[in-house]
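Structure first, commentary second.
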Amino acid sequence: MNSKDFTTHQNHTLQTDTNSNQSYIKLPIANLSQLSYMQTSLIEIILLISHLEKGDYKHEQKQSALYWLSKLLLASYPNAELEGLSDWLEEQKEKAK
Numbered sequence: 006m007n008s009k010d011f012t013t014h015q016n017h018t019l020q021t022d023t024n025s026n027q028s029y030i031k032l033p034i035a036n037l038s039q040l041s042y043m044q045t046s047l048i049e050i051i052l053l054i055s056h057l058e059k060g061d062y063k064h065e066q067k068q069s070a071l072y073w074l075s076k077l078l079l080a081s082y083p084n085a086e087l088e089g090l091s092d093w094l095e096e097q098k099e100k101a102k
């Protein structure tokens with residue numbers, strides 16, 4: 006199997022940005038509400054982990070889990086899209102005047 010065949014048939018989650026050549030995870034969502042539910046759940050999980058007693062987890066395990074969950078949460082936040090939507094809504098408001 007060549008690399009193109011692999012990319013076409015197997016590579017569904019791991020993606021490569023053509024501009025920066027960095028890898029990223031593709032996380033499909035049906036709509037922005039689903040993204041919101043996912044982010045809310047991640048925040049709740051972070052809160053629950055942060056309240057675990059020291060005996061439940063080793064400190065390093067807890068810190069690692071919090072780090073990766075936080076990184077996932079921040080990476081999934083649609084900041085650019087929300088800023089663009091905000092600008093577009095402001096333009097529509099100005100046009101309506």
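For the sequence shown, this note's numbering gives the first residue as 6, with consecutive numbering after it. For glycine and all other residues, C-beta sits at the position ideal for the given N, C-alpha and C.
Anyone know if the C-beta pair for residue i and residue j falls short of 9 Å?
{"i": "S81", "j": "Q44", "result": "yes"}
{"i": "L79", "j": "I54", "result": "no"}
{"i": "T18", "j": "K9", "result": "no"}
Taking the alpha carbon of residue i as the point to measure from, which residue in the options has its own alpha carbon closest?
{"i": "I50", "options": "L77, L19, K31", "result": "L77"}
{"i": "S28", "options": "L37, Q20, N7", "result": "Q20"}
Could you check the C-alpha separation between residue i and residue j for me, to the nearest Å?
{"i": "L57", "j": "S46", "result": "17 Å"}
{"i": "S41", "j": "I34", "result": "10 Å"}
{"i": "K100", "j": "D92", "result": "12 Å"}
{"i": "K98", "j": "N36", "result": "24 Å"}
Near residue i, what residues of its chain come up, given a Cβ to Cβ distance below 7 Å and the 5 sequence neighbours on each side ignored?
{"i": "K67", "result": "I54, L57"}
So, at 6 Å on beta carbons, what are the nonlocal neighbours of residue i in its own chain, with the 5 sequence-adjacent residues on each side left out?
{"i": "L52", "result": "none"}
{"i": "N84", "result": "none"}
With a threshold of 8 Å on Cβ separation, who are the neighbours of residue i within its own chain once the five nearest residues in sequence on each side are excluded?
{"i": "I4", "result": "This structure does not reach residue 4, given that the chain is present from 6 up to 102, and the question cannot be answered."}
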